[in-house]
Amino acid sequence: MAEADREDIYCNPFFIFLQKNFPATYRKVANVAGVVCLPQACSLDNVTLTEKLINSHVLTHSRYYVNEFTTENGGTVSIEDGHVTTVRGFEEIGRRVKVLFEELFYNTEYKAFRILCIERPLEGAGMPPRRRSTHAPPRYSLREHTEFLLQSAANTTLMRRLDQTLFEFNRTYLLVKGFLNDTANKLNDICDNSAKELLRQNPRLRSGFLTKERPELELSIHCYVMGRTYEKIMASLTSWHAADDSAVDEMIGRLHANQIGPQDVGVRDELICDLAAAEQELAQISALTTPLEKLHCLKLTSDLISTLVTNHFYTTHAATEPLALCTDDMLPLFLWVLIGARPQCVWSTVIYMATFTPPNVPQSELAFLCANFQAAAQYIKGGDLLRFRSSSSSATESASSGSSSSSLSSSSSSSASSSSSSSSSSSSSSSVTSSSASCSPIPAPTSGASHPPPIPSRHSSNSLNTLT
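As numbered in the working numbering, residues 1 to 468 make up the sequence shown, in order.
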């Protein structure tokens, strides 16, 4: 599906109907790492949404076959070669519907489940559209949001007033340590007032297609405001948290000097591969100025890790079983990428993102991305990896001592037994090494190892998932 054709899942009537009328079903599929098949909006023009139709598009994994799934109302479908095919329990057996794109969503425990946007419903009269969708692709960069706001001459006067307001903020506003949320609330008020004024003064925005996309307008204004105030805010954050930023950077340097490897941070042997592309993406996070850009960077990094590891696994192992890449795998992988990327002002960046992310960004996704980033930074800052390497070396030199575990969980338990002085480090390492989290299986590629999943791109419109 072309980038310009991608639709906002949150605006899809099928998705809205599912969340509003069948919240228990939605929670169930999220909690079991299931799949929702979501017919694209333009294929639903003549379709009546019913409980039966909803249940026939909510899937759980088959116990017996990798590529088969069971619907909520007892039907069976298969997902192969980029298509969903009805197998049993449908009015039309053998209907083959194209998958347009796939996105990962997260439940309240930050565990992933999949949403497949499909060309048409799996049953009923819904048909693929004959014309190209005009839905605009999502915007992530400050430049894109600025161009969007300035594309109409009717916005010129308001944008000049907004620039003057932000100039005065940068010149006179005093940020106080411990009251950062007050600053966020003030900037949110500026954004809200600007959005209302923009809609009031611009008839095209009130009556045109953008009326349905007010959240996108508000998001553009928020990104514009944060881009204009970034230097002032970060100057205070980096001053307040200079010691934390320095501690993380210094510890990463020591980890490089001590030749810490992926096994030392808990990466499973079969998942170790070249993650240079993910490191290059994450290294850019310090140069980005808006919270949305930074979240987009984290999401692209996470997608790159998942894709690179999955491609490596299916290239070097028999692809007869799905790869269970779960939170216990992703956190050590992300930690390893952070060490390799070595971005600047990591701690200040974590606080900036957590405090100033737009209010209309889904909190579950924000929490998942920021929690990974913060947990990795906290674990590095705590120095547990170096203590573990030191204890491992001593154990190796002693003939009577047992072999040392190289897993991240062993590191955290070793740290806990030797020192309980830093509760935050212990808490972070525990979250990184939790072994009880359930895994979300990634199905084996049906097209063979010669056709691995595509590498995510900074310009991929589905790379931010739920964030817009």
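By construction, the Cβ of each residue, glycine as well, lies at the ideal position given by its N, Cα and C atoms. Nothing here was measured: the structure is a model prediction, and the numbers come from that model.
{"Item": "Following the continuous beta strand (DSSP E) through Lys98, name the residue where it begins and the one where it ends.", "Value": "Arg96 to Tyr106"}
{"Item": "CB-CB under 7 angstroms to Arg228, same chain, minus the five flanking residues each way: which ones, in chain order?", "Value": "Leu166"}
{"Item": "What's the gap between the Cα of Glu109 and the Cα of Gln201?", "Value": "43 angstroms"}
{"Item": "Can you give me the C-alpha to C-alpha distance between Ser286 and Thr349, rounded to a whole angstrom?", "Value": "7 angstroms"}
{"Item": "Apart from the five residues just before and just after Ser394, which ones in its own chain have a Cβ nearer than 7 angstroms to its Cβ?", "Value": "The pLDDT assigned to Ser394 is 49, lower than 50, so where the model puts this residue is not dependable, and the model offers no usable value."}
{"Item": "Three or more beta-carbon pairs under 8 angstroms between the stretch 44-55 and the stretch 83-90, yes or no?", "Value": "no"}
{"Item": "Within 8 angstroms, do at least three Cβ pairs link the stretch 113-120 to the stretch 33-45?", "Value": "yes"}
{"Item": "Put Glu231 into one of helix, strand or coil per three-state DSSP.", "Value": "helix"}
{"Item": "Would you tell me roughly how many angstroms separate the C-alpha atoms of Val99 and Phe334, rounded to the nearest one?", "Value": "29 angstroms"}
{"Item": "Could you compute how far the alpha carbon of Ile16 sits from the alpha carbon of Gly75?", "Value": "23 angstroms"}
{"Item": "Can you name the residues that DSSP bridges to His61?", "Value": "Phe69"}
{"Item": "Check Phe113 in the structure and name its three-state DSSP category.", "Value": "strand"}
{"Item": "Helix, strand or coil for Leu122 per DSSP?", "Value": "coil"}
{"Item": "Go ahead and label Gly266 buried or exposed: buried means 16 or more other beta carbons lie within 10 angstroms of its beta carbon, across all protein chains shown.", "Value": "buried"}
{"Item": "Judging by CA-CA distance, which residue of Phe101, Thr71 and Val66 is the nearest neighbour of Thr60?", "Value": "Thr71"}
{"Item": "Could you name the residues of the same chain whose beta carbon sits closer than 7 angstroms to that of Val346, not counting the 5 residues immediately before and after it, in chain order?", "Value": "Asp245, Val248 and Ala377"}
{"Item": "Alpha carbon to alpha carbon, how far is Ser141 from Gly94?", "Value": "43 angstroms"}
{"Item": "Please name the residue, chosen from Ser302, Ile272 and Leu292, that lies closest to Glu281 on a Cα-to-Cα basis.", "Value": "Ser302"}
{"Item": "What does the Cβ neighbour count give for Tyr64, buried or exposed, with the cut at 16 atoms within 10 Å?", "Value": "exposed"}
{"Item": "When we look at the beta-carbon of Arg143 and count the other beta-carbons within 10 Å, is it buried (16 or more) or exposed?", "Value": "exposed"}
{"Item": "Specify the secondary structure class of Ile79 as computed by DSSP and reduced to three states.", "Value": "strand"}
{"Item": "Just verifying my parser: in three-state terms, what is the DSSP assignment at Arg268?", "Value": "coil"}
{"Item": "For Thr86, which of helix, strand or coil comes out of DSSP?", "Value": "strand"}
{"Item": "Leaving out five residues on either side along the sequence, give the residues of the same chain with a beta carbon under 8 angstroms from the beta carbon of Thr25.", "Value": "Leu18, Ile54, Asn55, Val58 and Glu72"}
{"Item": "Counting only the same chain and skipping the five closest in sequence on each side, list residues whose C-beta sits under 6 angstroms from that of Arg342.", "Value": "Ile252"}
{"Item": "If we ignore side chains and look at the alpha-carbon of each, how far apart do Asn107 and Cys370 end up?", "Value": "15 angstroms"}
{"Item": "Rounded to the nearest angstrom, how far is the Cβ of Pro121 from that of Pro39, given a contact under 8 angstroms?", "Value": "4 angstroms"}
{"Item": "Hey, out of Leu271, Thr315 and Lys294, whose CA is closest to Asp328's CA?", "Value": "Leu271"}
{"Item": "Determine the direct distance from the alpha carbon of Glu218 to that of Leu199, and round the result to whole angstroms.", "Value": "10 angstroms"}
{"Item": "Tell whether a beta-carbon distance below 9 angstroms holds between Gly178 and Ala276.", "Value": "no"}
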